[in-house]
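Q: Residue numbers (UniProt numbering), protein chains in the order written: chain S, 1 to 333; chain R, 1 to 333; chain F, 1 to 333; chain U, 1 to 333; chain W, 1 to 333; chain C, 1 to 333. From the three backbone atoms N, C-alpha and C, an ideal C-beta is built for every residue, glycine too. After the structure tokens below, expect a handful of questions from me.
There are 6 protein chains.
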Amino acid sequence: MAKILTLGEIMLRLSTDIGVRLNETQQLDCHYGGGEANVAISLANFGHQVSFASKVPDNSLGQAAVKHLRRNGVMSDFVQLGGARLGTYYMEAGIGERAASVTYDRAGSSFAEAAEFPWSYEKLFSGIELFHISGITAALSVQWCQWTVELVKAAKKFGVLVSFDINYRGKLWSQAAAGKALKEILPYVDYCSAGDLDARYLLGVPEDRMNSGFVYYYQQMQQQFPNIKCFYSTKRIVYSASSNQLVETLWLENTYYESEVHKINPIVDRVGGGDAFAAGILHGLISDFDGQRTVEFATAASALKHTVHGDCNQFSEIEIEQFLTAGSGRIVR
Amino acid sequence: MAKILTLGEIMLRLSTDIGVRLNETQQLDCHYGGGEANVAISLANFGHQVSFASKVPDNSLGQAAVKHLRRNGVMSDFVQLGGARLGTYYMEAGIGERAASVTYDRAGSSFAEAAEFPWSYEKLFSGIELFHISGITAALSVQWCQWTVELVKAAKKFGVLVSFDINYRGKLWSQAAAGKALKEILPYVDYCSAGDLDARYLLGVPEDRMNSGFVYYYQQMQQQFPNIKCFYSTKRIVYSASSNQLVETLWLENTYYESEVHKINPIVDRVGGGDAFAAGILHGLISDFDGQRTVEFATAASALKHTVHGDCNQFSEIEIEQFLTAGSGRIVR
Amino acid sequence: MAKILTLGEIMLRLSTDIGVRLNETQQLDCHYGGGEANVAISLANFGHQVSFASKVPDNSLGQAAVKHLRRNGVMSDFVQLGGARLGTYYMEAGIGERAASVTYDRAGSSFAEAAEFPWSYEKLFSGIELFHISGITAALSVQWCQWTVELVKAAKKFGVLVSFDINYRGKLWSQAAAGKALKEILPYVDYCSAGDLDARYLLGVPEDRMNSGFVYYYQQMQQQFPNIKCFYSTKRIVYSASSNQLVETLWLENTYYESEVHKINPIVDRVGGGDAFAAGILHGLISDFDGQRTVEFATAASALKHTVHGDCNQFSEIEIEQFLTAGSGRIVR
Amino acid sequence: MAKILTLGEIMLRLSTDIGVRLNETQQLDCHYGGGEANVAISLANFGHQVSFASKVPDNSLGQAAVKHLRRNGVMSDFVQLGGARLGTYYMEAGIGERAASVTYDRAGSSFAEAAEFPWSYEKLFSGIELFHISGITAALSVQWCQWTVELVKAAKKFGVLVSFDINYRGKLWSQAAAGKALKEILPYVDYCSAGDLDARYLLGVPEDRMNSGFVYYYQQMQQQFPNIKCFYSTKRIVYSASSNQLVETLWLENTYYESEVHKINPIVDRVGGGDAFAAGILHGLISDFDGQRTVEFATAASALKHTVHGDCNQFSEIEIEQFLTAGSGRIVR
Amino acid sequence: MAKILTLGEIMLRLSTDIGVRLNETQQLDCHYGGGEANVAISLANFGHQVSFASKVPDNSLGQAAVKHLRRNGVMSDFVQLGGARLGTYYMEAGIGERAASVTYDRAGSSFAEAAEFPWSYEKLFSGIELFHISGITAALSVQWCQWTVELVKAAKKFGVLVSFDINYRGKLWSQAAAGKALKEILPYVDYCSAGDLDARYLLGVPEDRMNSGFVYYYQQMQQQFPNIKCFYSTKRIVYSASSNQLVETLWLENTYYESEVHKINPIVDRVGGGDAFAAGILHGLISDFDGQRTVEFATAASALKHTVHGDCNQFSEIEIEQFLTAGSGRIVR
Amino acid sequence: MAKILTLGEIMLRLSTDIGVRLNETQQLDCHYGGGEANVAISLANFGHQVSFASKVPDNSLGQAAVKHLRRNGVMSDFVQLGGARLGTYYMEAGIGERAASVTYDRAGSSFAEAAEFPWSYEKLFSGIELFHISGITAALSVQWCQWTVELVKAAKKFGVLVSFDINYRGKLWSQAAAGKALKEILPYVDYCSAGDLDARYLLGVPEDRMNSGFVYYYQQMQQQFPNIKCFYSTKRIVYSASSNQLVETLWLENTYYESEVHKINPIVDRVGGGDAFAAGILHGLISDFDGQRTVEFATAASALKHTVHGDCNQFSEIEIEQFLTAGSGRIVR
């Protein structure tokens, strides 16, 4: 069991039932989530002592976000109350050939608009072994970009391992801006979620006709950032909004690992699948699983996430191990 | 049948089921409404040809608002698409002793933030007999306050009757600001929804121990604004969130009318009750009902509104007449 | 325990949720019922062996009606399959001041259009002690009017007690037609549900200023039909669609009985309240309860019916007795 | 943007949830639709000015049908109110190996029983560029068969393009009757939805062992009706109620076009898939898309229809174009 | 039509919606079922006169179980009321790679704890042609194991055919205990559901490398129990919780039959699939279908069961025959 | 803010929707609660640091109970996992004249059957200022009765204030057994929920014709147990299951306080109303409110509890204060 801190925005997701368009629906389902919050919950499920730092409005929606964290065993002492509103987005559920469709309404949120850094580093990192944050946080504002750099630096200063998920979102910032920020952040990072597209478009790794696979890109990124102990990323084939194939990859100590193939069909809810994977990797690393076991565990966690509604993975370590053992779809009774 | 224009903001209301708190709910019901939109729909139900002018974002939520108007027979040609977001609010349903509780998330809406006036007066008022707008619109921004004044002036210039509902909301502007605006607006108004509290706190009518009733305040307002042909207002006794008593009052041609008493219990949805009343009054005036019939019709419309979910009244003129005839609660079969 | 037969139409009721208009609803609740079917189910709940005779289409809706009967312990051997359709009606739920509103779609049903009488009297009445039928059946067609007369005659011939519920529906036949039929039917009836309005408008009992109460009308009907052993009827005060006061009355062996007052608030579903009352009276008569116990039992049965969705009463004799003992609304735990 | 008229019956569909049988369900979902109404809505979504002519009862269900049209941007001025009832059908949702099952209750509807033709041709066709009607309308009664012939003749007289969807339903009329009617109708038709089965069984095209494909049948039909500018039809492979493969075909100016293959899995709601395709073809023709783009657009429209509940397609031209570009099932965020 | 008796426990199943974990759900669906009860209902659907013998508590849940039986046409005269509680289990619905997960809460049930045998054999078997019971009943207690042996003996004594479904559940008893009981039971059995695993692990049939198929195991079991007229069993391939392939096998008069392949995707509810198959086999045997028709009918019944919620098959003989004729997934309209 | 411990059983409540009988329902709502757990949650809402000690099974239902506590801010470190099952009860919702009806299925629960005391007193009471427990715990078994006595003694030994709610349940133990236990427990109690019925039937206070009020009984109990600092109890008038009048009473330092009258209509969910009151009293005492403010606060908390579904009060101190200020049922917007 490790003491872990994650920090980021937590949002309200309002989603339609399958087969109903957002402009026709009379009802929306409420879920709360965000990359770092989802990772926090997964790690709490795996038995770690996890805190999540964020800022939410001091109203019912902010309370609901806090209750969601607590219910899932995440400590909310560093969730500051205040500011204007909770970031929100609407998701029209996809199915078959039709992809899910997102309508963002996240501008002006309490978190994104925070004018002062809400915590002291001393308190945040006291006793913490691992700190996780993502590129989404850095993308929210110039202020948050700067704070993200400061946070990873401070974490290192306090002897905390740093986990970073690039999680590039084209709607939030340009590739150039992201690349610039990453150059400042990654030198302080220990574990990094980054794939071939990140390597090419954000980190400037040149395409190489002879070396198109993940290994090449991991090697190139490793050269740029020798401080990073592991990279990991997803190879997803999207057959349709209901059917995906999932293979996850891990680069650890200059060795490449790839999980077994998971056929996810039907997909209940894809949101948070990457966060479940990241948390699985972090749990494997913390628990000294070997590379293969780490990537299998993390992939299974991600596959299971696809079978439940909501942004966060809701499976314990034991359940994931049983899933890996039992194979697909058999009832135990 | 008259040609009518109303103009204002239309918002998304997300509400909980009865007995569920907003910070606990997993699901929200969607309704679309706003004072002027609700009045438009009521008047369309009564057989008039009604247009609604507004601005909504060019996304699924904006489309949903337009579809809501169309479904209810209101023309949406003057609904401009664009801007950042649809004004939103969350309503935790009240019941019994516990009042409904509103969490606003309306700042920064496409309508409120409109930088340029979206229409030409010529097109807006072409062929229009009656124009309805409310104080909420004037309260949204300095810009909208100025445009509201210009709109009522333009309406008069085009020979259009002007209906104005003060609809004071303390969360949007101060009494002083509202009072100042009303002094500019009311000289151009023909029909005005305004009650004793509006008279005292916004229009500066002095309290008079000997004359505490509605008649006194109507007389005083009539003196201030001799141009106004009728005032109307609600006398509501709130026993609980589920049980109200409703009496509506009308001041028309220096005569005071008061409706029969309606006991509303249980209340299904109170939102839009005042708009249903306003639309009922306007329909009576347009249709040359006498004062008593006008106020009874309008009160019945408002009472019926309380029995349905959603912001808008969904009853036709015939249904309201039958309701007035049949009395309370008997099945016809 | 008695062997009982009831005969009539069973229909599909499609009803809205509270607060939603039929022209707005996206969903309808399904219930199956009809006067004689509801009486059959109540009597089966009270431990009698009850058959229901009817005709329904040989499709899923007909099957659903049969399944509804069986689930509630009523034998469906005399439910003939065939014909065009199941009689249907839509009910917009009422609440508060707004009454429920019914949209009929019952014309052309398998039952109403039956061209030949579907059973032999010998089989129908074999072993039967009590036969119950209502004026609705007689009103469905000229054919059914004639068959109703023949049925009550045949019942008497086979030594079966006859129970008849006038249940006048102005939408199905005129007062004159109903009155004419009743003159042919009532001479064969033992137990009759008939009230003051039936007496005046269908049976020609003259109004008498000095004798406006139920006793007078019961006496007058008793004089016309000395064969009838008991009359019973409801005194309902409708405060609103959600709040009624219920007092039930019984005329038995020239004595008048009146139940205690039941305040029904809120009403969950009023449909079938009269049938629950009728079944309660019949159970009291069969079980040799005295007059007062009979009317109290029947009224309690009717009051409880108002607290459940669906057309039929779902309470056993023991539950009704407990309800009479416990008084209103206390949890036993 | 074209001015378009479609004419036909609109019905109420009451459907079960997946996995629940009609004879077990306690709840039904309401949808409104019909071939010509669905085409009207699709075309309104694509930006055309569309009127729908029909007849519905003057009750809540008739109003609901009108509100459905209006919500979706279709003008309802030619929807006459009156007659006995709204045609209805019950659909038990299919899934996997089990097909959906339909229980019709459409006889005696206001539309089918219309005794007099409800409109004047002058008003109906005033300003109209395209008129769409289907064989279902012709099949409803001898009267409607005759009126359908008159309608297509009148349309031509008024210079209106005529679109006709054969839409043969064996439950409504025989192949002989349909064939006879088609011989009278098709000489006035410009665009015709007709496939190989229609050609063989209704239009008497002989089977030819050497020419079993769509091209052969289109050629043969083209010979019979040289006036028809285009034929189109669906090649659907039904793997199960949940999984279909869809290829659409078009015969335009003696050239055969075939869409890409769409794998529809899972199917949310298949009803109206053909109407969505027809409307897509008409939009392509009106918009002067070339043959291939027309058939791809129409097939995409039909594929998307399968992903939403309800009879009508709910996607705009832009959404369909984006769908064609994006490929299957990817979230944009 | 045969007179049939089945005997066993009926339980309450409380299940989650798809995509919701049991520890997160706010709502559970209620189904009632059990192996022998499910077989009873299937056989009643096929037109037989079926009684079910059991014991349930004399409370609302016991009543609900009885109502479920009655609704589906099963006679409940032998359902004794009494004892402590209804056996219950919670099912977290599975989907895709994630299997359903069962939480049992069945200990201490009225049935399992029955201290005295609740019926007389004379009454139970009076007029009965076929008796069906399963190994689950024998596994519930030492008492029930003994009673099961006595029941099959008594059945034979009364000239009743005996059907037995081994239905081994490792959570209820050991392989050794089951094997011992089977040795006592099977000599009195006519029809037996038993597959290769039962043969190997319970009946001690040795593995044989050269004979790994069903035929070998059926032959071996037939040698052990020459009294048994037929064996049958399922060959299920579990691709995932949502997708299975089903082939059913039958050993009848020393001949092996195998059904066509059914691809079940998606699976709505797998519970009771085996009972539907067993009932189909019994119906074929009773109805003198030949072996192939019997196994095809039974497999189709089982396949259809997978498409509906709830433990019991809800399809009639006609529907199953139509399904076999129509093939997969086509709408008839 | 105080550090508080409560200890008791937490159960699963499965309840029907209003108007649906338990033996008819297809769906049940899940709530988790128990007297001491509910008090814990209320006190956590009021800002205290609260732990709850209990034992639940190590399965999904046990996890759900823990998640419920955590969500509401209660620490679950003392919730032991293990044992057979979670105590369960079914509640048929009451309405109007019909009371709710409870079907218990709580026997054999992990908590009730605990064979060894699961905690050390040192750890339980470390740093605790207030300990709350109820008579329900003492009633569960002879073992728990003994442990309850030991717990209150140990609490006193560790200098912890002891709060005790008699909460007599006739279904769990006799008045004699309860009285005997209370005589051992109450000498160690500081705050005690006990009313006139408890005084008479459990503590042997004689009836006194001249002194029938609460003051008399409080005085008599105070004499018996001079160690108790305050008594409190509810005066509830049950008009119906939907309408109650609530007055709460408090005896503090020999002074009697009575709250204002709350008319609760309609009641959403009465379960836990007494626990909300108890927690309100405890909060007032901890916070040094005076007697009147304490009883008003506690009564308001209880009144608000009646307006939400679920066993626990969900209102913060601020919300309760606002409720007391605002009066009944007004929207703030």
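Return the chain-ordered list of same chain residues with a C-beta closer than 6 Å to the C-beta of LEU186/S, the five sequence neighbours on each side being excluded.
A: Excluding residues within five positions, the ones whose Cβ falls inside 6 Å are PHE225.
Q: Who does TYR32/W pair with in a DSSP beta bridge?
A: DSSP output for TYR32/W lists LEU12/W as bridge partner(s).
Q: Can you pull out the residues from the region 113 to 142 of chain S whose beta carbon lies closer than 8 Å to at least one beta carbon of chain U?
A: Going along the region 113 to 142 of chain S in chain order, one finds no residue with a Cβ nearer than 8 Å to chain U.
Q: Quick check: is any heavy atom of the ligand FMN less than 7 Å from the C-beta of GLY274/C?
A: Although the ligand FMN was asked about, the structure shown includes no ligands whatsoever.
Q: Select from the region 232 to 263 of chain W all residues with a C-beta closer than 9 Å to any C-beta belonging to chain S, and list them in chain order.
A: If the cut-off is 9 Å between Cβ atoms, the region 232 to 263 of chain W has VAL238, TYR239, SER240, ALA241, SER242, SER243 and ASN244 near chain S.
Q: Would you decide whether ILE228/C is buried or exposed? Buried here means 16 or more other CB atoms lie within 10 Å of its CB.
A: With 16 or more Cβ atoms within 10 Å of its Cβ, ILE228/C is classed as buried.
Q: Taking LEU324/U as the reference, give the member of ASP190/U, VAL39/U, VAL295/U and VAL189/U with the closest Cα.
A: Cα-wise, what sits closest to LEU324/U is VAL295/U.
Q: Hey, how far is the Cα of GLY35/S from the Cα of GLN63/S?
A: Those two C-alpha atoms are separated by around 19 Å.
Q: Can you tell me whether DSSP reads VAL79/W as helix, strand or coil?
A: Looking at VAL79/W - three-state DSSP - the assignment turns out to be strand.
Q: Kindly say whether HIS309/C, judged by its beta-carbon, lies nearer than 8 Å to any beta-carbon of chain R.
A: Chain R, which has a Cβ nearer than 8 Å to the Cβ of HIS309/C, makes this yes.
Q: So, are the CB atoms of ARG200/W and GLY73/F less than 8 Å apart?
A: Contact flag unset, no.
Q: Would ARG333/C pass as an interface residue toward chain S - the criterion being a Cβ-Cβ separation below 8 Å?
A: Model confidence at ARG333/C stands at a pLDDT of 47, short of 50, so the residue's coordinates are unreliable; what they give is reported in the following sentence. Output row for ARG333/C: interface = no.
Q: Residues of chain C with a CB under 7 Å from the CB of LYS67/S: which are they?
A: What LYS67/S touches in chain C: ARG71.
Q: Go ahead and pull the three-state DSSP assignment for MET210/F.
A: It is coil, neither helix nor strand.
Q: Use the C-beta contact count for ILE237/U: other C-beta atoms within 10 angstroms, 16 or more gives buried, fewer gives exposed.
A: That one is exposed.
Q: Rounded to whole angstroms, what is the Cα-Cα separation between ALA53/F and ALA40/C?
A: About 58 Å.
Q: Of all Cβ atoms in chain U, is any one closer than 8 Å to the Cβ of GLU92/S?
A: Cβ-Cβ to chain U under 8 Å: no for GLU92/S.
Q: Excluding the 5 residues flanking LEU161/U on each side, which residues of the same chain have their C-beta closer than 6 Å to its C-beta?
A: Answer for LEU161/U: LEU130 and ASP190, listed in chain order.
Q: Can the beta-carbon of TYR256/R be found closer than 8 Å to that of PHE315/R?
A: Not in contact: TYR256/R and PHE315/R (Cβ atoms no closer than 8 Å).
Q: In angstroms with no decimal places, state the Cα-to-Cα distance between ILE318/C and PHE46/C.
A: Using only the alpha carbons, I get a separation of about 8 Å.
Q: Just the Cα atoms here: how many angstroms apart are GLN80/R and ARG13/R?
A: Taking the straight line joining both Cα atoms gives about 20 Å.
Q: How long is the line joining the alpha carbons of GLY135/F and GLN26/U, rounded to whole angstroms?
A: Roughly 29 Å separates the two Cα atoms.
Q: Three Cβ pairs or more, each shorter than 8 Å: is that satisfied between the region 288 to 305 of chain U and the region 243 to 255 of chain U?
A: Because the criterion of three Cβ pairs below 8 Å is met, the region 288 to 305 of chain U and the region 243 to 255 of chain U touch.
Q: Excluding five sequence neighbours on each side, which residues of the same chain lie with their C-beta closer than 8 Å to the C-beta of ASN49/W?
A: According to the sequence as given, residue 49/W is Gln; it is not Asn. The answer, listed in chain order, is MET1, ALA2, LYS3, ILE4 and MET75.
Q: Check whether the Cβ atoms of LEU282/R and SER141/R sit closer than 8 Å, and answer yes or no.
A: No; because the gap between Cβ atoms is not below 8 Å, this pair is not in contact.
Q: Do SER174/W and TYR232/W have their beta-carbon atoms positioned less than 8 Å apart in this structure?
A: No; because the gap between Cβ atoms is not below 8 Å, this pair is not in contact.
Q: Per DSSP, what are the beta-bridge partners of TRP251/S in this structure?
A: Partner(s): PHE231/S and TYR256/S.
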